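Just so you know, we're using the UniProt record's numbering here: the sequence shown kicks off at 1 and counts up by one. Beta carbons are placed, not taken as given, at the ideal position from N, Cα and C, and that holds for glycine. Quick caveat, the model's predicted, so the values are computed rather than measured.
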Amino acid sequence: MMLEIKELCVSYGAIKALKGIDVTLTEGEIVALIGGNGAGKSTTLNTISGLLRPVSGGIRFLDDEITSVPPQEIVSRGIIHVPEGRRIFSSLTVEENLEMGAYLQRDKAAKQRDLEEVFVRFPRLKERRRQAGGTLSGGEQQMLAIARAIMAHPKLLLLDEPSMGLSPVFVEQIFDIIQSINDQGTSILLVEQNAQMALSIADRGYVLETGRIVLSGASDDLLHDPLVIKAYLGG
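Right under this line is the structure:
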């Protein structure tokens, strides 16, 4: 098992954000977490990446307990988090943003190879390599955030609302990129309000409501579940 979350409880003061959730992800999978605002999706990712400390429960990654491991060490173990809102460095160029993703890479030649490979995958970023990140469109910034994460050679990629605020054309492109990253062997935990798109590329999914998992299963099963259709697919 690559990732195993057991009975995870997280609170913000008196507010219980996660109430004992269990989530698993095996190597090579895309697993989707879907649910409305305030369901606990982002909290789950922030806890995996060490930005939040749980009240109780545990997280294991590649058979190692990581529940109380600091964020910088979680990154070095291969868990890379693309947060909601992209969080690129707006005053740095596209290329400088990408180099920030490779800050653990000490080999300059290897870093340059990684950069050229990213530019092959994201030709739009290559065209804008000298532009400040803040001058890019929302879709281009999302591409940059994902490309910066790839520079770190993730074993597990945590993606938080990658389609938020994007035009339909960019949403399609971003999900094609996510699928291609997975096809090359990177496991992905995907948090997404666009349930239709998320489940269309995921192997399995979990439905979160107010800090609890209320449904889980194969993506095809969830896409045809009456509760999911009614609540998240506009049925």
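Residue i to residue j span [Cα, whole Å]
i, j, result
"valine 75", "methionine 100", "13 Å"
"methionine 151", "leucine 115", "7 Å"
"valine 214", "histidine 81", "25 Å"
"aspartate 22", "glutamate 7", "5 Å"
"leucine 125", "glycine 138", "13 Å"
"arginine 77", "alanine 102", "14 Å"
"isoleucine 178", "glycine 133", "21 Å"
"valine 120", "lysine 19", "43 Å"
"tyrosine 232", "alanine 39", "13 Å"
"glycine 36", "lysine 108", "43 Å"
"leucine 62", "glutamate 27", "9 Å"
"threonine 67", "valine 10", "12 Å"
"methionine 197", "glycine 234", "13 Å"
"valine 118", "valine 228", "36 Å"
"serine 219", "valine 207", "11 Å"
"leucine 51", "isoleucine 5", "16 Å"
"glycine 211", "tyrosine 12", "12 Å"
"residue 291", "phenylalanine 89", "In the structure as shown, the chain starts at 1 and stops at 235, and residue 291 therefore has no counterpart that could be examined."
"leucine 144", "glutamine 131", "12 Å"
"glutamate 84", "proline 162", "7 Å"
Beta-ladder partner(s) of residue i, from DSSP
i, result
"leucine 158", "His81, Leu189"
"lysine 16", "Ser11"
"lysine 230", "Answer by DSSP bridge pairing: none, since lysine 230 is not bridged."
"alanine 198", "The partner list for alanine 198 (beta bridge, DSSP) is empty, contrary to what the question assumes."
"threonine 24", "Glu4"
"serine 216", "Tyr206"
"valine 31", "Leu189, Arg204"
Exposed unless 16 or more other CB atoms sit within 10 angstroms - verdict on residue i
i, result
"serine 56", "exposed"
"residue 298", "With the chain running from 1 to 235 in the structure shown, residue 298 is simply not present."
"isoleucine 15", "exposed"
"serine 180", "exposed"
"serine 41", "In the sequence on display, residue 41 carries lysine and not serine. By the neighbour-count rule (16 or more Cβ atoms within 10 Å), lysine 41 is buried."
"arginine 113", "exposed"
"glutamine 142", "buried"
"aspartate 160", "buried"
"threonine 44", "buried"
"alanine 147", "buried"
"proline 168", "exposed"
"methionine 1", "exposed"
"proline 70", "exposed"
"arginine 106", "exposed"
"serine 91", "exposed"
"alanine 202", "buried"
Residue i Cβ short of 7 Å to the ligand NAP heavy atom set
i, result
"leucine 125", "Here there are no bound small molecules, and the ligand NAP is not part of this structure."
Handout entry: Length at least 4, wholly inside the segment 38-97: the alpha helix (DSSP H) runs in chain order
Key = 41-48, 71-76
Exercise for the section: Would you check if there are 3 or more beta carbon pairs closer than 8 Å linking the segment 181-201 to the segment 147-157? Expected result: yes
Handout entry: At least three beta-carbon pairs within less than 8 Å, the segment 26-40 to the segment 167-176
Key = no
Exercise for the section: Write down every uninterrupted run of the alpha helix (DSSP H) in the segment 97-151 whose length is 4 residues or greater and which is fully enclosed by it, in chain order. Expected result: 108-121, 123-127, 138-150
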